Structures are given as structure tokens and as C-alpha cells.
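Peer 1: Numbering (the working numbering), first residue to last: 1 to 416.
Following this message is one structure expressed as C-alpha cells.
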Ligand SMILES: Cc1ncc(COP(=O)(O)O)c(C=O)c1O
């Protein structure tokens, strides 16, 4: 008789984890009020709900300004444009992230220079950043991946020394704090996504945070077709319509009210998981960096040792966990294997010196490759909204899959 649920055995979890997004009458009322007002769009920018959310979220993270817009991809493009980054410039991004992080420099006209991540956190490796800097480098875009934050101490110091801007990709990190400073408030800009699966969501949407008054004005202008935002109406920029409508903004206002409690709940369950995972054979825990002073995560990430799972990779282990009722995914392949991202990346008009960074055949990211192709397992946020039981089911399922590794199907290809 097979043991694993993927082969017909009894799953560890018979019931689903709590669904996402969470909503109640407050959301219905907020949207209804907007519908009845007739003020559905995002013009004039920002609308009343957009402004309320921008203020509340910026205050929670500790920034002077928030700029709400269509999604967490154009946020990064707008940030780079507001910083004046474009043709001929280089922007350093990590090899393990969603395609949007590298898309943004390309959309603003710059070249994304991809570097490997560090083994301890799978976030951008500051040594690799430093080695990739040329006289055309203008910015670093660290990604606060999963439950981690990039090493902002070192990145801030490198950026200062080389006169570079920092745009933090915080799509996974609303709520996180690094030594008491909010994610997205450390660099010139922080970019957040409010897409459906993210932990502060309105289905679609994105926010830029900044402490710089001029940069905030410029970002507001770029998302509003370039309209001037200074009181004298002097500074016009080159922009497009990236505004978010009021229906979405109203959902974010309510979502923000719930957010702190949800964040605490996930962090508490995350700590329990971190302790319990240490005892599961074949699992390498990657504890949250101790400089994270408020822990708030979208996915919790750990590594498996394929040898302990009969030589099978993360993709097979995630499929087995899913069958056991645990929402687990491989998420990102390393950037050089990202089908979604080719052939655009390899067709960029680049100088010869960049060939080893932009020709996927010649790129080498040993840490991101090991993570994306063999080791990484991302647990979804709802695992951490079902108390101790939700956590213990993960431990039981992983232990069961490892113990019955001989039942796992043969090695699989690369997920996209
Ligand atoms: C790391 C990262 N950056 C950027 C994005 C882009 O956000 P959006 O889907 O809102 O454009 C995402 C979300 O999918 C993400 O995971």
C-alpha cells in the first residue's frame, strides 16, 4: 500500500488552509460607498481612498510618502524613471526573484545586471554587487525574498560609497523592519505589490514609498501622465497613466486595518515552524536574519537536501507536499533559466563586456541555480493563519515525504 497521498495514500491534511483574501462587511461597504459616489477612477491623482491608504501604509512602514499605482512592477519602473535612470545605465538585480525585478530596468531603458544571491538568505550577495559595479551602474535593486530581507547594512554602505541609488523590491515584505527601519524606507524607494496573492492586497495594485519629497512628487507625476505635482505646477515629467482606481484603493484602506494583526499571527506561527523544522531530516532551515526587528512575510522559504529525498528535487517534493494538503511551491528558477524572460534579455543591445551577464548560456549563478533548480521550497502565507495545527501539519507532511522518499516519482525538469 502506498503511503504518500500523491500515490493514493491518506493525506496529512484533509481540510484546506484558510483562504485568501480575507474579507468581511467592511470591504463590501467600502466598495459600495465608492460605487455610490460615482468617483471610481484614480483621477484626480491621488483619489481620496488612495491618499488615505498612502498615508496609512507609509506611516506603518515609517516613510514620509506613499505613491499608489497599478501594480508592483510599474512601481519599480517608475522609481527608476523618477531617479532619472534610463538609456545606457546599469541596474544590479539578484538572480533569484520574480521577472518583474529585472523587467523594470529594461522598461526604463536600462540594462539589468544580474548577480548571484547569498547562500544564507538567498537574497542579493553584496560581494557580487560590489564586483559588478561599473562606471555605468546607477542603482541596486535588492529583493526582500520570502521571509528574509537583503543585507541592507552592507548594501546601503556600498551604495553610499559608489554614489548609487537603492530601490528595494518589497513585494514580499510589507510590514518587515530592519533594525527598526521599515522595508522600503531604507533605499531611495521601496516598491510593494498588492496583487491577489500578496499579504496586503486589493487584487491588483502597487505602492512606492520614499522619504524624499522631490522623488515622491516626481513619482506621482509619472503615474499621472506627467502632470505637475508641485504647487507652482512647474515640474512636468514624461509619464503615462499608471493610476489605481478608487475601488481598489478602498479595499486597501480596509486591508490596512487588518494587516497588523495578520502580521503578528503569521510571525508567531513562523517562529514555531522555524523551531520545529530543525528536527526534520533533509531540511535546512534558513532562520530569519536577526537584524529583522519586525517579522512579516509572504512566503516562508526553506531548503531541502535532494540526497535525503532519494535524489529528487524541490519540484517533486513540492508536488508531494501539495498532495498531502500543504500549499508549497518552487517559485523562482534562477534568472538564466527563466523561460518567461527570454528572449528579451538576450536581445538587449549590450556592450561586449556584458555578454557573460546577459547571455543566458554564459551566465553562472551557482547559489541561485542550486536554490531554484534543486532546493527551494516556498510555503504560502495561509499556512501561517491556522495556528499551531497549521504548522505541525507541515512538519508531519515533510517528515512523511522524506521517510517515504522511495515512493517519489523520478527526477523532474525545471518549473517556470
Ligand atoms: C519579488 C516580486 N517583485 C515584483 C512583483 C510584481 O508585482 P505585481 O504582480 O504587482 O506586478 C512580484 C509579484 O508577483 C514579486 O514577487
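Heads up, the beta-carbon is just placed ideally off N, CA and C, and yes, glycines get one too.
All figures in this text were calculated on a predicted structure; none of them were measured in a lab.
#1: Just to confirm my understanding: we take residue 371, look at its own chain, exclude 5 residues before and 5 after, and list those with CB closer than 8 Å. What are they?
#2: Suppose you measure from the CA of residue 207 to the CA of residue 141; what does that come to, to the nearest Å?
#3: Kindly provide the chain-ordered list of residues whose Cβ lies closer than 6 Å to any non-hydrogen atom of ligand 1.
#4: Any idea what DSSP makes of residue 171, helix, strand or coil?
#5: How is residue 351 classed by DSSP in three states: helix, strand or coil?
#6: Let me confirm a value: residue 6 is counted as buried when at least 16 other C-beta atoms fall within 10 Å, else exposed. Which label applies?
#7: Using 8 Å as the Cβ pair cut-off and three pairs as the minimum, do the segment 188-204 and the segment 234-252 touch?
#8: Use the C-beta contact count for residue 2: other C-beta atoms within 10 angstroms, 16 or more gives buried, fewer gives exposed.
#9: Can you give me the Cβ contacts of residue 365 inside the same chain, cut-off strictly under 6 Å, excluding the 5 residues immediately before and after it?
#10: Between which two residues does the alpha helix (DSSP H) holding residue 155 run?
#11: Can you tell me the Cα-Cα spacing of residue 221 and residue 8, whole angstroms?
#12: Output the boundary residues of the beta strand (DSSP E) element that contains residue 304.
#13: So for residue 182, helix, strand or coil by DSSP?
#14: Taking all protein chains shown into account, decide if residue 231 is buried (16 or more other Cβ within 10 angstroms of its Cβ) or exposed.
#15: May I ask you to verify whether the segment 224-241 touches the segment 20-38, counting CB pairs closer than 8 Å and requiring at least 3?
#16: Distance, Cα to Cα, residue 262 vs residue 19?
#17: Could you check if residue 351 is buried or exposed, using at least 16 other CB atoms within 10 Å of its CB as the buried criterion?
#18: Please report the Cβ distance between residue 175 and residue 294, rounded to the nearest whole angstrom; I am assuming they are in contact, meaning their Cβ atoms lie under 8 Å.
#19: Using DSSP's beta-bridge definition, name the partner residues of residue 94.
#20: Residue 384 to residue 258, Cα distance in whole Å?
#21: Short check: CB of residue 91 to CB of residue 110, under 9 Å?
#22: I'd like to know whether the C-beta atoms of residue 299 and residue 331 end up nearer to each other than 9 Å.
#23: Just verifying my parser: in three-state terms, what is the DSSP assignment at residue 361?
#24: Just reading off the alpha helix (DSSP H) that residue 65 is part of, what are its end residues?
Peer 2: Judging by the given coordinates:
#1: In the chain shown, residue 371 corresponds to position 371, counting from 1. For residue 371, where only same-chain residues beyond five positions count, the Cβ hits under 8 Å are 96, 117, 122, 303 and 334.
#2: The residue you call residue 207 lines up with position 207 of the chain shown. The residue you call residue 141 lines up with position 141 of the chain shown. The alpha-carbon atoms of residue 207 and residue 141 are separated by roughly 16 Å.
#3: In chain order, the residues with a C-beta atom nearer than 6 Å to some heavy atom of ligand 1 are 71, 72, 73, 97, 98, 100, 101, 143, 169, 171, 172, 193, 195 and 206.
#4: Indexing the chain shown from 1 puts residue 171 at position 171. Residue state, collapsed to three classes: coil.
#5: By one-based count along the chain shown, residue 351 stands at place 351. Confidence in residue 351 is poor, its pLDDT being 48 and thus under 50, which makes the residue's placement unreliable; the coordinate value appears in the next sentence. Three-state result, residue 351: coil.
#6: Along the chain shown, read from residue 1 onward, the residue named residue 6 stands at position 6. Around the CB of residue 6, 16 or more other CB atoms lie within 10 Å, so the residue is classed as buried.
#7: With a cut-off of 8 Å, the segment 234-252 and the segment 188-204 count as touching, because enough Cβ pairs lie within range.
#8: On the chain shown, residue 2 is found 2 positions in, with the first residue counted as 1. With fewer than 16 other Cβ atoms from the protein chains shown falling within 10 Å of its own Cβ, residue 2 counts as exposed.
#9: As a position in the chain shown, residue 365 is number 365, starting the count at 1. Only 95, 116 and 334 meet the Cβ criterion.
#10: The residue given as residue 155 occupies position 155 in the chain shown. Where residue 155 is concerned, the enclosing alpha helix (DSSP H) stretches over 152-162.
#11: Locating residue 221 in the chain shown gives position 221, where the first residue counts as 1. Locating residue 8 in the chain shown gives position 8, where the first residue counts as 1. A direct Cα-to-Cα measurement between residue 221 and residue 8 gives close to 57 Å.
#12: By one-based count along the chain shown, residue 304 stands at place 304. Counting along the chain, the beta strand (DSSP E) containing residue 304 begins and ends at 300-304.
#13: For the purposes of this step, residue 182 is identified with residue 182 of the chain shown, where counting begins at 1. Assigned with DSSP and collapsed to three states, residue 182 falls in strand.
#14: Here the question's residue 231 lines up with position 231 in the chain shown. Within 10 angstroms of the beta-carbon of residue 231 lie fewer than 16 other beta-carbons, which makes it exposed.
#15: Not touching, per the Cβ criterion.
#16: Indexing the chain shown from 1 puts residue 262 at position 262. Indexing the chain shown from 1 puts residue 19 at position 19. Separation of residue 262 and residue 19 (C-alpha to C-alpha, rounded to the nearest whole angstrom) is 13 Å.
#17: As a working note, residue 351 is residue 351 in the chain shown. Low confidence applies to residue 351: its pLDDT is 48, below 50, so where it sits in the model is not reliable enough to give any reading.
#18: By 1-based counting over the chain shown, the position of residue 175 is 175. By 1-based counting over the chain shown, the position of residue 294 is 294. Distance from residue 175 to residue 294 at the Cβ level is roughly 6 Å; contact confirmed, criterion being Cβ atoms closer than 8 Å.
#19: Looking up residue 94 in the chain shown gives position 94. Note: residue 94 sits in a beta bridge opposite 115.
#20: Here residue 384 refers to the residue found at position 384 of the chain shown. Here residue 258 refers to the residue found at position 258 of the chain shown. Near 15 Å, if we compare the C-alpha coordinates of residue 258 and residue 384.
#21: Reading the chain shown from its first residue, position 91 is the one you call residue 91. Reading the chain shown from its first residue, position 110 is the one you call residue 110. Cβ atoms of residue 91 and residue 110: closer than 9 Å.
#22: Counting from one through the chain shown, the residue named residue 299 turns up at place 299. Counting from one through the chain shown, the residue named residue 331 turns up at place 331. Contact: yes.
#23: Residue numbering aside, residue 361 sits at position 361 when the chain shown is read from its first letter. Three-state result, residue 361: coil.
#24: Indexing the chain shown from 1 puts residue 65 at position 65. Residue 65 -> not in any alpha helix (DSSP H); beta strand (DSSP E) instead, spanning 65-69.
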